[in-house]
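Before any comments, here is the structure.
Protein chains in written order, with the numbering used here: chain A, 13 to 326; chain B, 1344 to 1734.
This is the structure:
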């Protein structure tokens, strides 16, 4: 294992060949990934693609059927108890005690982790979270945004080195999302490693590195630019005319692999630049349409990855 | 980590985490007003219902006497029947058909038929037969009454014979209706007061019911609410979770037991012949055994509904086979074996023994050992069954 300057390994997460099967359904298949310390690592993929299962395997909540790896330099198969001490895991569903108050939830966690002054730690966390005045409110009666903020506060209370956040911003309004991400970046700047799963493209673009997983397979990994470049996708954008009718026509045209309406414009894409140009040539002759070549977005790449992985599996 | 310092820090870590669980469970318990209220009202309600309403030695059962002769012995038997609290001489039918009709309509529960020539034959020592017909649809009620009736008639016959022969009771005069004395030999409960049997029994059943249901729900509730995932992702061991969840209910159980015993002593005059200290220790042991079983159910069930169903499936045999409702010795051997595996069976012997007979720990050693064994087995299964992962 490679060692960083402080004697700590460079990677917070380093796993190889992780697989997990439920019944006869392969949920995660031969997954390998590396997450550098202090990075925000985005974990993307459609629903049911194995993101939650992977996160659960990383923190020892699920045992992998095969594969090996380390989390914070500790073996995920044999040292999961020790890993739990240094990992903060935020579940997809709100899973704090709804019938305990904000402060009681924080104190409970502080006690479980054996913190010296649980009551003091909880009070400090309440102030830091901006929940002052709400600390006696039952956690279950908080609004969605506040619940999420509290859940994150509970996660970072015992000063973990790694945060595993499973779709933390699902169902949260844009302002709360932005504040949440600002906090994530602050934490990363302090040296915390963050693995966060999400569906939102704008959130993916806030990550240092991303990985795309679909139907149990990790399909792409790297920085946002690397992932886009690696897809080898050529895209054109067209405006004018009726976008909906145009999209239907383009979809029926061979040589175009991807069609996505974007408001008044339609995006088309393919891996074969020549074939794509040939396919759209008749449309370019239409005077009302305005064509121009543009750079593929992350979303284009993901939709392409998703449709191709579906083709492979079904 | 090894050596005394390592041991110590591991112990404090263990205690800190158990303490965190206990505090959390207590807060949740106090906040769940309905559950908390039911823990207090269930014992009170049951105590009042069972204690005051149920009586297996009923009084004033309507009885008819069909006498085919009118002699001093017949009159003596009739007034004996009237004098006991068991029976009320309500009808004097003139014929067998009439008596039959009374019995069938439910107007009387007993018909005593004295044949003609009964007194004469009794005096000659011919041991004449007397028919007692009982409505046995409720055998518990009629059983003890029949036993009383038998000894009552026996006494009357003996008295009449002694009186005639100028024995110890008489002086040759026409015998006055004698003051009857009926001796029923019921040890430990000389007056056959049902409450003396029911109240200690209730202590066991109420503890079984509440302890079982509340712990049976504890793990499944966390799974259903999704909080188990957070709990499992934290550095806490299954044993620590179990002890933290059980401890608050030990206190609830102790509170219930105190209420029932206090009410038993002051309202129902249940004696406390044995040691109160021994009763306290063994009651805590019994509470722990029930909590361990409830917790085991909690780890076996998929959801709260299943956990409650399991608790009830366990509760029914506990009531029926433990000796709470029906005499233990009266059951077939296989049922007795089944009963031996239930904590309630052993606890009933313990609590009745201590309260009514003054039994000591030595007298009860078999039942104490059985209770402890049941508790340990249940705890072992619970910890083994507890899923440390979501697999």
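For each residue, glycine too, the CB sits at the ideal point set by N, CA and C.
In this text, all values refer to a predicted model and were calculated from it rather than measured experimentally.
Using 8 Å for Cβ pairs, my map puts residue i next to residue j. What's the rounded Cβ distance?
i	j	result
residue 1725 (chain B)	residue 1639 (chain B)	4 Å
residue 63 (chain A)	residue 225 (chain A)	6 Å
residue 1717 (chain B)	residue 1632 (chain B)	5 Å
residue 1660 (chain B)	residue 1681 (chain B)	7 Å
residue 1556 (chain B)	residue 1621 (chain B)	At roughly 27 Å, the Cβ-Cβ gap does not stay under 8 Å, so residue 1556 (chain B) and residue 1621 (chain B) are not in contact.
residue 157 (chain A)	residue 188 (chain A)	4 Å
residue 1455 (chain B)	residue 1445 (chain B)	Actually they do not touch by this definition, with Cβ atoms about 12 Å apart.
Can you pull the chain B neighbours of residue i, defined as C-beta to C-beta under 7 Å?
i	result
residue 126 (chain A)	1356 and 1359
residue 71 (chain A)	1576
residue 101 (chain A)	1576
residue 93 (chain A)	1578
residue 298 (chain A)	Ordered by position in chain B, no residue passes the 7 Å Cβ test against residue 298 (chain A), which lies about 55 Å from the chain.
residue 68 (chain A)	1733
What does residue i touch in chain A if you count any residue whose Cβ is under 9 Å from its own?
i	result
residue 1567 (chain B)	By Cβ distance, chain A contributes nothing, its closest Cβ being about 11 Å from residue 1567 (chain B), past 9 Å.
residue 1371 (chain B)	109, 111 and 112
How is the alpha helix (DSSP H) around residue i delimited, first residue to last?
i	result
residue 166 (chain A)	156-168
residue 28 (chain A)	Residue 28 (chain A) -> not in any alpha helix (DSSP H); beta strand (DSSP E) instead, spanning 23-34.
residue 1589 (chain B)	1581-1610
residue 256 (chain A)	255-263
residue 123 (chain A)	114-124
residue 132 (chain A)	130-141
residue 214 (chain A)	213-216
residue 186 (chain A)	186-201
residue 1624 (chain B)	1619-1643
residue 1710 (chain B)	1708-1728
Applying a beta-carbon distance threshold of less than 8 Å, which residues of chain A neighbour residue i?
i	result
residue 1367 (chain B)	109, 112, 116 and 120
residue 1447 (chain B)	Per Cβ cutoff of 8 Å: no residues; residue 1447 (chain B) is ~60 Å from chain A at best.
Give the interface partners of residue i over in chain A, defined as CB-CB distance under 7 Å, in chain order.
i	result
residue 1579 (chain B)	124
residue 1363 (chain B)	120, 123 and 124
residue 1374 (chain B)	111
From this set, the options, which residue's C-alpha is nearest residue i's C-alpha?
i	options	result
residue 30 (chain A)	A:59, A:82 and A:303	A:82
residue 293 (chain A)	A:107, A:309 and A:266	A:266
residue 1602 (chain B)	B:1454, B:1391, B:1372 and B:1366	B:1391
residue 1417 (chain B)	B:1714, B:1573 and B:1501	B:1501
residue 1411 (chain B)	B:1354, B:1472, B:1428 and B:1381	B:1472
residue 315 (chain A)	A:156, A:236, A:203 and A:269	A:269
residue 1424 (chain B)	B:1722, B:1456, B:1368 and B:1496	B:1496
residue 1542 (chain B)	B:1680, B:1604 and B:1409	B:1604
residue 32 (chain A)	A:168, A:55, A:229 and A:236	A:229
residue 169 (chain A)	A:310, A:118, A:159 and A:188	A:118
residue 1731 (chain B)	B:1582, B:1550 and B:1557	B:1582
residue 68 (chain A)	B:1699, B:1449 and B:1572	B:1572
residue 113 (chain A)	A:288, A:87, A:146 and A:215	A:146
residue 24 (chain A)	A:306, A:76, A:211 and A:86	A:86
residue 254 (chain A)	A:298, A:227 and A:240	A:298
residue 1389 (chain B)	B:1365, B:1434 and B:1548	B:1548
residue 1710 (chain B)	B:1393, B:1591 and B:1684	B:1684
residue 165 (chain A)	A:302, A:53 and A:100	A:100
residue 1642 (chain B)	B:1689, B:1368, B:1723 and B:1540	B:1723
residue 1436 (chain B)	B:1429, B:1430, B:1427 and B:1450	B:1450
residue 251 (chain A)	A:215, A:259 and A:242	A:259
residue 134 (chain A)	A:115, A:148, A:127 and A:144	A:115
residue 1617 (chain B)	B:1628, B:1657 and B:1693	B:1693
residue 184 (chain A)	A:231, A:159, A:197 and A:22	A:159
Span of the beta strand (DSSP E) holding residue i?
i	result
residue 294 (chain A)	It is not in any beta strand (DSSP E) - residue 294 (chain A) instead sits in the alpha helix (DSSP H) that spans 285-296.
residue 225 (chain A)	221-226
residue 1425 (chain B)	From DSSP, residue 1425 (chain B) is part of no beta strand (DSSP E) but of the alpha helix (DSSP H) over 1415-1426.
residue 1456 (chain B)	1453-1457
residue 302 (chain A)	302-306
residue 209 (chain A)	205-210
residue 233 (chain A)	229-234
residue 247 (chain A)	246-251
residue 278 (chain A)	277-282
Less than 8 Å between the CB of residue i and some heavy atom of the ligand PLP, yes or no?
i	result
residue 119 (chain A)	Among the ligands in the structure shown, none appear at all, so the ligand PLP cannot be discussed.
Which residues in chain B have a C-beta closer than 9 Å to the C-beta of residue i? List them in chain order.
i	result
residue 219 (chain A)	Going along chain B, no residue has its Cβ under 9 Å from residue 219 (chain A), so there is no contact; the nearest lies around 22 Å.
residue 105 (chain A)	1569 and 1572
Anything in chain B within Cβ reach of residue i, meaning under 8 Å, just list it in chain order.
i	result
residue 74 (chain A)	1732, 1733 and 1734
residue 97 (chain A)	1578
(request) Could you please tell me which residues of the stretch 144-165 of chain A, in chain order, have their CB closer than 7 Å to any CB of chain B? (result) none
(request) Identify each residue in the stretch 1692-1724 of chain B for which the Cβ-Cβ distance to at least one residue of chain A is less than 7 Å, and report them in chain order. (result) none
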